[in-house]
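Asks:
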Amino acid sequence: VFDSSTALGSFAVSKGTDSTAVGYRAKADERAAALGMNADAVGQYSVALGSYSRSNGKLATAVGAFTSAAKNATALGNFASATGNGSVAVGESSESSGNESVVIGGMTDAKGSLQKVKAQSIGEGAVAVGAGASAKDKN
4 VFDSSTALGS FAVSKGTDST AVGYRAKADE RAAALGMNAD AVGQYSVALG
54 SYSRSNGKLA TAVGAFTSAA KNATALGNFA SATGNGSVAV GESSESSGNE
104 SVVIGGMTDA KGSLQKVKAQ SIGEGAVAVG AGASAKDKN
């Protein structure tokens, strides 16, 4: 544990100044926060909140169980993934893999009916909105 850092939980590790790791095997880099079992905040100013969540780069934010976010990206919702730099994924199982791309929606519609395809935006700058929506090129 470093200056102004906190580690709470079995095998929790705060790797740098001003970091916070809370939960079993939670890990946080300098000026990052990881909260939840096996949460991993890699990169300055990153946040991983939820079991097995991973923020993988500076200013990344991953919120929800099994979420992942790249540098400057935000993933919100269980199993959401924002792997493109600066991308945003909102909704359960949503996927935003193109740089600066946005997806809002998951695998369920507004009535709660399960869709067969997850919402995803793949192309750089692509935007997809709605359950099961997909965008592969800039919009």
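In my numbering, the protein residues as written are 4 to 142. Note that beta-carbon positions come from the ideal geometry of N, C-alpha and C, so glycine has one too.
Measuring only the C-alpha atoms, how far is A122 from K18?
Replies: Taking the first residue of the sequence shown as 1, we reach residue 122 at position 119. Taking the first residue of the sequence shown as 1, we reach residue 18 at position 15. In a straight line, the C-alpha of A122 is about 35 Å away from that of K18.
Asks: Between G109 and the rest of its own chain, which residues show a CB-CB distance below 7 Å, the 5 nearest in sequence each way excluded?
Replies: Along the sequence shown, one-based indexing puts residue 109 at 106. G80, G94, E95, S96, S97, K121, A122, A134, listed in sequence order.
Asks: Output the residue ranges of the beta strand (DSSP E) runs that lie fully inside the stretch 15-94 and measure 3 residues or longer, sorted by chain position.
Replies: 23-25, 36-38, 43-45, 50-52, 57-59, 64-66, 71-73, 77-79, 91-93
Asks: Taking only the alpha-carbon atoms, compute the straight-line gap between F14 and R28 and give it to the nearest angstrom.
Replies: Mapped onto the sequence shown, residue 14 falls at position 11. Mapped onto the sequence shown, residue 28 falls at position 25. Approximately 5 Å between the Cα atoms of the pair.
Asks: Which of the three DSSP states is assigned to S124 in this structure?
Replies: One-based indexing of the sequence shown puts residue 124 at position 121. Here S124 sits in strand by DSSP.
Asks: Give me, in chain order, the residues of the same chain whose beta-carbon lies closer than 8 Å to that of E127; leave out the 5 immediate sequence neighbours on both sides.
Replies: Position 124 of the sequence shown holds residue 127. For E127, where only same-chain residues beyond five positions count, the Cβ hits under 8 Å are G87, G101, N102, E103, S104, K141.
Asks: Please state whether the Cβ-Cβ distance between S159 and A68 is less than 7 Å.
Replies: In the structure as shown, the chain begins at 4 and stops at 142. Residue 159 is therefore absent and cannot be evaluated.
Asks: Roughly how many angstroms separate the alpha carbons of A131 and T64, rounded to a whole number?
Replies: Within the sequence shown, numbered from 1, the residue matching residue 131 stands at position 128. Within the sequence shown, numbered from 1, the residue matching residue 64 stands at position 61. So the alpha carbons of these two residues sit roughly 20 Å apart.
Asks: To the nearest angstrom, how far is it from the Cα of S84 to the Cα of S22?
Replies: Counted from its first residue, the sequence shown places residue 84 at position 81. Counted from its first residue, the sequence shown places residue 22 at position 19. About 23 Å.
Asks: Mapping the DSSP letters down to three states, classify G131 as helix, strand or coil.
Replies: As a first step, residue 131 must be located in the sequence shown, where it is residue number 128. One point to set straight first is that residue 131 is Ala, not Gly, in the sequence displayed. When DSSP states are grouped into helix, strand and coil, A131 belongs to the strand group.
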